[in-house]
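Shown next, in structure tokens, is the structure this report addresses.
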Amino acid sequence: MTTDLKLVPRLALRAQGIGARLGGIQVLHALDLQIEAGRWTCIVGPNGAGKSTLLKVLAGLIEHTGVVHLQGQPLAAWPARQRAQRLAWLGQSEGAGDDLTVWDVALLGRLPHQAWLSKPSEQDYAAVEQALRQTQAWDWRERSLGQLSGGERQRVLLARALSVQAPVLLMDEPLVNLDPPHQADWLQIVRTLVAQGTTVVSVLHEISMALHADTLVVMAQGRICHQGLCSDPQSHRALEHVFDGRLAVHAVQGQWVALPRN
Amino acid sequence: MKQWLRQRPLALAAGLVLLSLGLLALGACVGSSGLQSLREVWLDEVSRQIVWDIRLPRSAGAWAAGALLGLAGAVAQGLFRNPLADPYLLGSAAGASLGVCLALTLLGAAPVAAPWLLQLGTTGAAFGGATVAVLLTLALARGVQQTLRLLLAGVVVGVVLGAASSLVLLVQPQLMQAMQGFMLGSTAFVGWDACALMLGSWGLCMVSAWGLSPVLDGLSLGESTARSLGLPVAPMRIALVLVLALATGTAVAHTGLIAFVGLAAPHLVRATVRAGHARMVLLSSLMGGILLLGADLLARSLLAPQELPVGVLTAVLGGGYLLWLMHRQNPVAVGAKP
Amino acid sequence: MKALAFLLAVVALLGSVSAQAGVTVMDDRGAVVQLLPVPQRIVSLLPSLTESVCALGQCAKLVGVDRYSNYPTSVRTLSPVGGGLDPNIEAIVALKPDLVLVATSAPGSDRLRALGLRVVALEPKDYANALRVLGTLGQILGVDSAKAVVQTMEADMRAAVSLVPTAAAGKRVYFEVSPGPYAASTSSFLGQTLERLGLQNIVAGSLGPFPKVNPEFVVRAQPDVILIGDSNADALPSRPGWSTLKALQAHRVCVFNKEDADVLVRAGPRMAQGALLLARCLQGIYGAAPVSAATKASAP
Chain A
1095 MTTDLKLVPR LALRAQGIGA RLGGIQVLHA LDLQIEAGRW TCIVGPNGAG KSTLLKVLAG
1155 LIEHTGVVHL QGQPLAAWPA RQRAQRLAWL GQSEGAGDDL TVWDVALLGR LPHQAWLSKP
1215 SEQDYAAVEQ ALRQTQAWDW RERSLGQLSG GERQRVLLAR ALSVQAPVLL MDEPLVNLDP
1275 PHQADWLQIV RTLVAQGTTV VSVLHEISMA LHADTLVVMA QGRICHQGLC SDPQSHRALE
1335 HVFDGRLAVH AVQGQWVALP RN
Chain B
11 MKQWLRQRPL ALAAGLVLLS LGLLALGACV GSSGLQSLRE VWLDEVSRQI VWDIRLPRSA
71 GAWAAGALLG LAGAVAQGLF RNPLADPYLL GSAAGASLGV CLALTLLGAA PVAAPWLLQL
131 GTTGAAFGGA TVAVLLTLAL ARGVQQTLRL LLAGVVVGVV LGAASSLVLL VQPQLMQAMQ
191 GFMLGSTAFV GWDACALMLG SWGLCMVSAW GLSPVLDGLS LGESTARSLG LPVAPMRIAL
251 VLVLALATGT AVAHTGLIAF VGLAAPHLVR ATVRAGHARM VLLSSLMGGI LLLGADLLAR
311 SLLAPQELPV GVLTAVLGGG YLLWLMHRQN PVAVGAKP
Chain C
19 MKALAFLLAV VALLGSVSAQ AGVTVMDDRG AVVQLLPVPQ RIVSLLPSLT ESVCALGQCA
79 KLVGVDRYSN YPTSVRTLSP VGGGLDPNIE AIVALKPDLV LVATSAPGSD RLRALGLRVV
139 ALEPKDYANA LRVLGTLGQI LGVDSAKAVV QTMEADMRAA VSLVPTAAAG KRVYFEVSPG
199 PYAASTSSFL GQTLERLGLQ NIVAGSLGPF PKVNPEFVVR AQPDVILIGD SNADALPSRP
259 GWSTLKALQA HRVCVFNKED ADVLVRAGPR MAQGALLLAR CLQGIYGAAP VSAATKASAP
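Note that the protein sequences, when read in sequence, are chains A, B and C. Each residue of the first sequence is one higher than the last, beginning at 1095 in the numbering used here. Each residue of the second sequence is one higher than the last, beginning at 11 in the numbering used here. Each residue of the third sequence is one higher than the last, beginning at 19 in the numbering used here.
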């Protein structure tokens, strides 16, 4: 991750004319999206808006119409390994092998950096340790996944995504099962990463958390309704509108908070 | 000691290799003529033939078949991310049975008319049947993209080919006893050439599976995650399925349908040691070899000179040990890993 | 002088040709078998072949038999070497045989050949084959008695046929070999025996030698006589619909114990004995009426 701003492309991800089908149904309709580098973008919207699908398209994991550019080059043009070194993806609860240990899982995140079948390097061990310490999972790194609670498991999977040390990090519902202290930890991790120049894109259900981001992307029914700064009142209005006015955004102690409204 | 072993998969590997050699030596002593043949090995030509040409290739063949099945079991469980997966999941067992059924029918009907079939024998027919069944499964599932679809296709192919075998047996009921022999499995007819074939196949499959093991590791986190890590999942899964087919087909062709080895060997390894898929594949293979060789030795010696079907003994040995392991763990959390 | 030399040469040539013709024989799998040296230690893995060897007077040369060979009683003392379908390779090799007799479909024959043993595959599945096998076996064992044995068998067969009472001629029969029910059709060896005795089989040969028939079919066909092994006999009246069978009601049932069943099923030298068993049973049902001259003459 270079700090020379001239060399870092202004746009980490650029999506043009994205359409995607899931099970025969058109989920995304001709979307255009631009993700700025070194910023935290949050995608929010009601259920079924297509947020997870959009994230998967950005990660290059599902078929779609249109083009996605990663750091100026089309995704398809990137060799798989190099793409994986630059773009890390954390998905929603896929079945994980229960007898892998925490440490093994975190080490799997280093696969894009390892030559095929080679032993992990010192760099790999350092990255894994850093990631596990960041998610407060270092102390029980010898335990197997099957023995962990939901929240602990989520933190381990997050550590796996962090250990890739990629300049672009995509996370789909990363706060599932996390209690408030660990949600706060997560916030801290993201802020640190962004300060170091990493681009973070997250899909969140927790609107109050989402409002801590730099940029907000509001989606509904497969289209982007609004994209703007989180501090912008227009973004707040768009947010309230897309949820049918059932929530209201308030400023509380210097933070934006979304509260339900009846 | 157990804690110590848990961290050292290679120590387990060394132990399994030593145990294999020990059992192999035992295999030279066990048979219908007992130790007498061994004692007379230097004096009598026939005793030498018995020990060298019959007992040793049988024992080595039993180990090789078990190693192939253990390897296939580890690959199957990694590929489908399911601890209940076994090597016969993609219809290879049913395909091999049908192949043997048809070969026996043709051989019984007009043995002279098909000399190429005589050359091929039931061994070739079993291997061909297993391979065709797996290819059929792949075609039915239209590739390996979706695990569930692949599993379902395998079940369908297995059931349909099994029904076809039953149909053949209905028309030719005199084959039933011969088929039962095939279903229960036996190492009785394994010679040095069969042994060489199985060991060669094992070498090829082991190198391939070991080379493909990072994909299995990645897959344990889910398909999308594996792809996001830059792994070429689809072509490697096809390669793994082919390794599975080759290993299973070779083992089944020479020793029949021996149950439980492919299922139990990976579990036995996992219960003893913690390892990634690269080591798991090797250890599971060694464990499978020992399981089948041990069962074969018991089959030959328990009721000598009569031989018990080896498939029954693998189930008793493997299943018994698994039950004991489950019992020893915390009775409240049965199924949890230590 | 020249003519004599020529004649001697021709005779010598003919002699060598005939000697060559006698050196090998083809078995039922198409493999060429060397006739020399004459076998002295024989292992047999098929009961009918065991009986054939003994019928040719070479019983003393048998050193091992399969577990199903039980006739003559002397072979029961020989070492068992597994079954026809699961032979014990090691036990066979340990007996040091110079001839192993197997069925054509037997597994393990390739393995035994690979170990250097002389393996001959013969399978007498019906009448014509049974007689031919005896001839081949006689050649292999180097004895001349095959012809005589065959002639005796055929004479005994004719005698058995002549014992069938006239009342039983042309009667329709059903032979059940095992529960299922599996019946013997006209294309099986049993079926051929029944045919020779002038009986009609309700199960056609086109269904295969031992088809699994629908019990309803038997009820509809109403056979005149039912032939069955004794393990199944008691269950017959309790089968649904079978109580209406006239054969059951009139007790026209022939029940054969295990030893008799063995004789009936094996296409070996005891086939005439099997025919005799059937004839005696029919006599028991229809009475031992004397056979007319016309029937005697037309018997095959």
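All C-beta atoms in this analysis are idealised placements derived from N, C-alpha and C, irrespective of residue type, glycine included.
Taking the Cβ atoms as the reference, valine 154 (chain B) lies roughly 4 Å from arginine 247 (chain B), within the contact range of under 8 Å.
Neighbours of phenylalanine 274 (chain C) across chain B, judged by C-beta separation under 7 Å, do not exist; the nearest C-beta is about 20 Å away.
Glycine 160 (chain C) and alanine 239 (chain C) have their C-alpha atoms spaced approximately 49 Å apart. Looking at the backbone, the Cα of serine 249 (chain C) and that of leucine 31 (chain B) are separated by about 49 Å.
In the DSSP assignment, histidine 269 (chain C) falls outside any alpha helix (DSSP H), carrying neither H nor E. Taking a Cβ-Cβ cut-off of 8 Å, the neighbours of isoleucine 64 (chain B) in chain C comprise Ile107, Glu108, Val111, Leu133, given in sequence order. In the structure shown, proline 105 (chain C) adopts extended strand secondary structure according to DSSP, grouped into three states. Between aspartate 63 (chain B) and leucine 63 (chain C), the gap from beta carbon to beta carbon reaches 9 Å or more. When 7 Å is used as the limit between beta carbons, alanine 1178 (chain A) is near these residues of chain B: Ser238, Leu239, Gly240, in chain order. A Cβ-Cβ distance of about 6 Å is found for the pair valine 151 (chain C) and serine 70 (chain C), placing them in contact under the 8 Å criterion. Between serine 230 (chain B) and leucine 1155 (chain A), the CB-CB gap reaches or exceeds 9 Å. Listed as beta-bridge partners of arginine 1108 (chain A) by DSSP are A:Gln1128, A:His1163. For the beta strand (DSSP E) assignment, the uninterrupted runs of no fewer than 3 residues enclosed by the stretch 1270-1352 of chain A are, from N- to C-terminal side, 1293-1297, 1309-1314, 1317-1323, 1341-1346. Near chain A, meaning a CB-to-CB distance below 9 Å, the residues of the stretch 282-314 of chain B are Arg284, Gly286, Ala288.
By the neighbour-count definition (other C-beta atoms within 10 Å, threshold 16), proline 1173 (chain A) is an exposed residue. Using beta-carbon distances, valine 51 (chain B) does not count as an interface residue toward chain C, since no partner is under 9 Å. In this structure, isoleucine 1137 (chain A) and valine 1311 (chain A) form a Cβ contact; the two beta carbons are roughly 5 Å apart against a cut-off of 8 Å. Contact of glycine 228 (chain B) with chain A by beta-carbon distance below 7 Å involves Leu1202, Leu1205.
Look at alanine 1332 (chain A): its C-beta is not under 9 Å from any C-beta on chain B.
The alpha-carbon of valine 1351 (chain A) is positioned some 38 Å away from that of proline 1206 (chain A). Three or more Cβ pairs closer than 8 Å define a contact, and the stretch 302-317 of chain B meets that threshold against the stretch 37-52 of chain B.
For glycine 153 (chain C), the enclosing alpha helix (DSSP H) stretches over residues 145-159. If you check each beta-carbon in the stretch 181-205 of chain C against every beta-carbon of chain B, the ones closer than 7 Å belong to Tyr200.
Interface criterion met: the Cβ of tryptophan 1183 (chain A) is under 9 Å from a Cβ in chain B. Looking at B:Ala24, B:Leu89, B:Trp73, the one whose alpha-carbon comes closest to that of leucine 254 (chain B) is B:Leu89. Of the candidates A:Gly1142, A:Ala1153, A:Ala1289, A:Arg1177, the residue whose Cα lies closest to the Cα of tryptophan 1134 (chain A) is A:Ala1289.
At least 9 Å separates the CB of lysine 1145 (chain A) from every CB of chain B.
Shown in chain order are the members of the stretch 47-61 of chain C whose Cβ falls below 8 Å from a Cβ of chain B: Arg47, Gly48. The stretch 269-279 of chain B makes contact with the stretch 290-309 of chain B; the number of CB pairs closer than 8 Å reaches 3 or more. Per DSSP, tyrosine 192 (chain C) lies in no alpha helix (DSSP H); the unbroken beta strand (DSSP E) holding it starts and ends at 190-196. Taking C-beta atoms as the reference points, leucine 239 (chain B) and glycine 1203 (chain A) count as a pair closer than 9 Å. In the displayed model, arginine 16 (chain B) falls within a helix according to three-state DSSP. Counting only runs of 3 or more residues that sit fully inside the stretch 219-255 of chain C, the beta strand (DSSP E) segments are 243-247, in chain order. Straight across, the Cα-Cα distance linking proline 233 (chain C) with proline 197 (chain C) is about 11 Å. Cysteine 299 (chain C): member of the alpha helix (DSSP H) spanning 289-304, first to last residue.
For aspartate 1218 (chain A), no CB of chain B lies under 9 Å from its own CB, so it is not counted at the interface with that chain.
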